[in-house]
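Going by numbering that gives the first Met the number 0, the residue at position 193 of the sequence shown is 192; the numbering climbs one at a time, nothing skipped.
The beta carbon of each residue, even a glycine, is placed where N, CA and C say it ideally should be.
Report on one structure; see the data block that follows.
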Amino acid sequence: MKSIVAAATAIVLAIAATTASAGVVITQDVTESNQPAGHKTEQTIMIQGHMQKLVEGDRVYITDLDDGRLYFILPAKKAYMNVPFPPITGPQRMIARHELPIGLKKTPRTDKVAGYACQDYTTVTLAAQGTVRVTQCVASEAPGAKEFVEYQKTMAAKLKHTVMALGEDVPDGIPVLTIAARFVNRFTGSINMAPEIVAKMKAETDKIKPYVVTAKVTKIEQKDLPADTFVVPKDYAETKAPKLGLPGKITQGTAPGNASAPIPAPPAAPATH
């Protein structure tokens, strides 16, 4: 009897150990409204424990929350930048923006995307020149959701006492659909501006179409990831020079966008699934 109990205990412990070390790999198709119809870019998010790797075209981001480091990598140049996480300076935050979560609020709406039942979350960020509206559909039952949420919560805790602190709770699951729309605020002019100039500027800004980026999950896998997944190759050179260029899209499992694109005009209606 003791041997049976011991064997059962060993099996349970082995299963627990395997589950605890499991990682999650999320593959997404990203489309942008300023690209030709049908054009897609694939990106991959890999998470295991408190480490994340994001592969986005020719750019790679590795974040180690325990060590408090983020590596921005350009494989084509065999070069990388090493910045603290949480980032301290403005340029560091620009580099880290892919890794930064956003404050999202749950809505009553639910949906089904890529075969996963999901709950809608949304947020709107207002600025002097433009507004960003983000909607995510989050699947709590997707494989690897527990690992994904644990990473997000750990990141949120790291950011708690910084300027990037979240105002809302971390969504409970993996975002299987993210829609981010950026648009300009309507031009209002100033008290000393001629009415005809104000009217002309309003007409011009109203012509600008919304810039919308959509990230949709195509595959989610739960599996152990080798340790070197989250390591910068030894033959890559570290640089502090800005010649690497700053990131473009904001894609961290949260909200796609584009830092360099002009802020477009407001859409006629909120984006729908």
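Limits of the unbroken alpha helix (DSSP H) element including residue i
i, result
"Val216", "It is not in any alpha helix (DSSP H) - Val216 instead sits in the beta strand (DSSP E) that spans Tyr210 to Lys222."
Rounded Cβ spacing between residue i and residue j (contact assumed at less than 8 angstroms)
i, j, result
"Thr120", "Ala138", "In the sequence on display, residue 120 carries Tyr and not Thr. The Cβ separation is near 11 angstroms, so there is no contact."
"Gln135", "Leu103", "6 angstroms"
"Val212", "Glu31", "5 angstroms"
"Val231", "Tyr70", "5 angstroms"
7 angstroms Cβ cutoff met for residue i and residue j
i, j, result
"Ala141", "Ile173", "yes"
"Thr238", "Ala78", "yes"
"Val83", "Gly67", "Note that residue 83 is Pro in the sequence shown here, rather than Val. Closer than 7 angstroms, so yes."
For residue i, the first and last residue of its enclosing beta strand (DSSP E)
i, result
"Ala78", "Ala78 to Pro83"
"Gln27", "Gly22 to Glu31"
"Thr124", "Tyr115 to Leu125"
"Asp110", "Lys104 to Val112"
"Glu140", "Careful: Glu140 lies outside any beta strand (DSSP E) and carries neither H nor E."
Helix, strand or coil at residue i [DSSP, three-state]
i, result
"Ile196", "helix"
"Lys39", "coil"
"Thr161", "coil"
"Val133", "strand"
Alpha-carbon spacing of residue i relative to residue j, whole angstroms
i, j, result
"Asp223", "Phe147", "14 angstroms"
"Val175", "Gly56", "19 angstroms"
"Asp65", "Thr217", "29 angstroms"
"Ile25", "Gln51", "11 angstroms"
"Ile44", "His160", "26 angstroms"
"Ala198", "Lys206", "13 angstroms"
"Ile190", "Ile196", "12 angstroms"
"Lys233", "Ala156", "31 angstroms"
"Leu73", "Pro107", "41 angstroms"
Residue i CB to nearest heavy atom of the ligand COA below 6 angstroms
i, result
"Thr124", "You won't find the ligand COA in this model; it holds no ligand whatsoever."
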